[in-house]
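Here is the structure we will look at.
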Amino acid sequence: MTNDVQQAITLLQNAKHICILTGAGISAESGIPTFRDKQTGLWENFRAEDLASIDAFERDPKMVWSWYQWRRNLVKDKQPNPAHHALASLQQWGKTQGKTLSLITQNVDDLHEQAGSQVTHLHGHLWKNKCSQCDAAYQGEIDYSQDALVNCPECEAYIRPDIVWFGEMLPSGAWQYAEQASADCDVFISIGTSSLVYPAAGLSQLAKSQGAKLIEINLHPTHNPLIDVVLASKAGEVLPTLSAALL
Ligand SMILES: [Zn+2]
Numbered sequence: 263m264t265n266d267v268q269q270a271i272t273l274l275q276n277a278k279h280i281c282i283l284t285g286a287g288i289s290a291e292s293g294i295p296t297f298r299d300k301q302t303g304l305w306e307n308f309r310a311e312d313l314a315s316i317d318a319f320e321r322d323p324k325m326v327w328s329w330y331q332w333r334r335n336l337v338k339d340k341q342p343n344p345a346h347h348a349l350a351s352l353q354q355w356g357k358t359q360g361k362t363l364s365l366i367t368q369n370v371d372d373l374h375e376q377a378g379s380q381v382t383h384l385h386g387h388l389w390k391n392k393c394s395q396c397d398a399a400y401q402g403e404i405d406y407s408q409d410a411l412v413n414c415p416e417c418e419a420y421i422r423p424d425i426v427w428f429g430e431m432l433p434s435g436a437w438q439y440a441e442q443a444s445a446d447c448d449v450f451i452s453i454g455t456s457s458l459v460y461p462a463a464g465l466s467q468l469a470k471s472q473g474a475k476l477i478e479i480n481l482h483p484t485h486n487p488l489i490d491v492v493l494a495s496k497a498g499e500v501l502p503t504l505s506a507a508l509l
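So the sequence shown is residues 263 to 509, counted in the numbering used here.
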């Protein structure tokens with residue numbers, strides 16, 4: 263076991279409140295393409311930035327909805343990897359130790375839930391839908407095998423994915439929870455996300471300013487000078503090591 267891993271274990275043992283933020287890297291280890299990857303197949307000539315916005319949806323709702331239906335089909339058979347399972351075990355361990363472990367994700371898939379974690383989504387949910395006009399949650403079934411637009415039963419406007427698009431605010435409840443958890447924690451861990459880019463940067467800075475130690479788990483570390491412990495590994499390798507040492 264390396265010194266860095268040992269240091270992380272000691273920090274987690276001594277922490278009362280732990281805040282964990284996950285990003286695209288942890289889903290990539292389950293085979294979910296990251297947002298920044300070049301798109302493939304049908305959509306290779308489009309940029310995500312040009313599809314994931316309210317402007318794009320208003321201009322061409324069918325195109326944007328079709329893209330999401332395609333993405334849902336890419337993701338639907340993907341499964342949690344050892345990193346997701348280790349985080350679920352750590353959350354359980356926290357409960358038995360009288361610690362709180364707040365798990366927050368920037369990912370829109372449900373792999374943390376599938377692994378059994380309680381998680382707060384900052385960027386919405388790929389599998390939830392809402393009205394593009396009246397904002398009502400859509401409870402009806404969606405047939406993911408086809409891309410026909412769906413109308414809101416309340417106002418008849420088109421249903422859209424309940425995902426935070428470019429230019430949109432993060433959901434206020436989720437953001438408040440994330441800020442509170444970051445401000446209250448003794449240890450803040452960012453996993454598979456750049457700790458230099460908003461919103462992770464803001465949350466890790468907030469944690470640091472309140473005296474927390476920062477751990478970054480990233481195959482390609484972001485060289486953020488605020489980080490106390492860098493674990494330059496796959497999350498699916500290092501998290502099971504941490505959880506095995508702690509449990
Ligand atoms: Zn509506």
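Glycine residues also receive a C-beta, built at the ideal position from the N, C-alpha and C atoms.
In this text, all values refer to a predicted model and were calculated from it rather than measured experimentally.
- When C-alpha distances from residue 391 are compared across 405, 495, 448 and 352, the shortest belongs to 405.
- Taking 8 Å as the upper bound for CB-CB distance, residue 288 and residue 508 are not in contact here, some 19 Å apart.
- DSSP places residue 324 in the uninterrupted alpha helix (DSSP H) bounded by 323-337.
- Taking the Cα positions, residue 474 is about 6 Å away from residue 447.
- In this model, residue 501 and residue 415 are separated by some 44 Å (Cα to Cα).
- A residue is called buried once 16 or more other Cβ atoms fall within 10 Å of its Cβ, and residue 393 is buried on that count.
- In this structure, residue 480 sits away from residue 505, with a CB-CB distance that is not shorter than 9 Å.
- At the C-beta level, residue 310 and residue 364 stay beyond 9 Å of one another.
- For the alpha helix (DSSP H) assignment, the uninterrupted runs of no fewer than 4 residues enclosed by the stretch 421-450 are, from N- to C-terminal side, 434-446.
- In summary, residue 344 is buried, with 16 or more beta-carbon neighbours lying within 10 Å of its beta-carbon over all protein chains present.
- Measuring C-alpha to C-alpha distances from residue 293 to each of 341, 319 and 306 identifies 341 as the nearest.
- The beta carbon of residue 291 lies closer than 7 Å to those of 343, 345, 496, 497 and 498 in the same chain, with the five residues before and after it left out.
- If you look at residue 466, you'll find it in the alpha helix (DSSP H) that goes 462-471.
- The residues 314, 315 and 316, in chain order, have a CB closer than 7 Å to that of residue 427 in the same chain once the five nearest residues on each side in sequence are set aside.
- Taking non-hydrogen atoms of ligand 1 into account, the C-beta of residue 397 is found less than 8 Å away from one of them.
- DSSP lists 452 and 492 as the beta-bridge partner residues of residue 478.
- When 490, 435 and 407 are compared, the shortest CA-CA separation from residue 382 is found for 435.
- By the CB criterion at 9 Å, residue 422 and residue 337 fall outside the cutoff.
- For residue 321, the closest C-alpha among the options 470, 449, 367 and 420 is that of 420.
- For residue 450, the closest of 369, 283 and 413 by C-alpha to C-alpha distance is 283.
- Apart from the 5 residues on each side of it in sequence, residue 470 sits with its Cβ closer than 8 Å to the Cβ of 450, 476 and 488 in its chain, given in chain order.
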